[in-house]
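Enquirer: Going by my numbering, 19 is the number at position 17 of the sequence shown; the sequence numbering is gapless. Positions of the beta carbon are idealized from the N, C-alpha and C atoms, including for glycine.
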Amino acid sequence: MTGRRLLGWRFKDRIPLWFKLVVGLLIADSALHFGLLWTVSSWALSSRDAAHSYRVPFRDGSIYFVQPWLGWYLDARWIGIGLLALLVVLLLLHRDQLERPL
Numbered sequence: 003m004t005g006r007r008l009l010g011w012r013f014k015d016r017i018p019l020w021f022k023l024v025v026g027l028l029i030a031d032s033a034l035h036f037g038l039l040w041t042v043s044s045w046a047l048s049s050r051d052a053a054h055s056y057r058v059p060f061r062d063g064s065i066y067f068v069q070p071w072l073g074w075y076l077d078a079r080w081i082g083i084g085l086l087a088l089l090v091v092l093l094l095l096h097r098d099q100l101e102r103p104l
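(1) Identify which residue in I65, L34, A53 has its Cα closest to the Cα of S43.
(2) What residue range is occupied by the uninterrupted beta strand (DSSP E) comprising F67?
(3) From F67 to G10, what distance separates their C-alpha atoms?
(4) Quick check: is the beta carbon of F36 nearer than 9 Å to any beta carbon in chain C?
(5) Using the rule of at least 16 other Cβ atoms within 10 Å of the residue's Cβ for burial, across every protein chain shown, is V90 buried or exposed?
(6) Give the straight-line distance between the Cα atoms of R16 and L100, rounded to the nearest whole angstrom.
(7) Could you give the residue range of the beta strand (DSSP E) that holds F13?
(8) Output yes or no for whether 9 Å exceeds the beta carbon distance between L86 and L28.
(9) How should A78 be labelled, buried or exposed, when 16 other C-beta atoms within 10 angstroms of its C-beta is the threshold for buried?
So, in structure tokens, the structure goes:
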């Protein structure tokens, strides 16, 4: 068995660079997003100021304030969804490079 498998499918030759890049970006985005949300209570402010004006509410009732660019990123769930959709589209476009092992 080689490392070329993808849920019962594998690439005929080597793993293409586009696959490695998209999966790497998806993993990096997920790790950064979850890491920021998990640690928000240790670095974000609990009251608004001029630099930290973006409101980030949590289900437990806690509200934190972060810089607007960071708040935009934390609310940008479409990044991960978009990367996953891009991966699916690329796999469909390059399905001739995939094979199902016996």
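Expert: Short version:
(1) Looking up residue 43 in the sequence shown gives position 41. Residue I65 is the option with its Cα nearest to S43.
(2) Within the sequence shown, numbered from 1, the residue matching residue 67 stands at position 65. 65-68 is the span of the beta strand (DSSP E), which, as asked, contains F67.
(3) One-based indexing of the sequence shown puts residue 67 at position 65. One-based indexing of the sequence shown puts residue 10 at position 8. So the alpha carbons of these two residues sit roughly 44 Å apart.
(4) Chain labels in this structure do not include chain C; a single protein chain is all it has.
(5) Along the sequence shown, read from residue 1 onward, the residue named residue 90 stands at position 88. Per the 10 Å Cβ criterion, exposed.
(6) Along the sequence shown, one-based indexing puts residue 16 at 14. Along the sequence shown, one-based indexing puts residue 100 at 98. Cα-Cα distance, rounded: 10 Å.
(7) Sequence index remark: in the sequence shown, residue 13 carries index 11 (1-based). Run containing F13: 11-13, per the beta strand (DSSP E) assignment.
(8) Within the sequence shown, residue 86 is the residue found at index 84, counting from 1. Within the sequence shown, residue 28 is the residue found at index 26, counting from 1. In this structure, L28 lies closer than 9 Å to L86 by Cβ.
(9) The count along the sequence shown starts at 1 and reaches residue 78 at position 76. Exposed is the call here.
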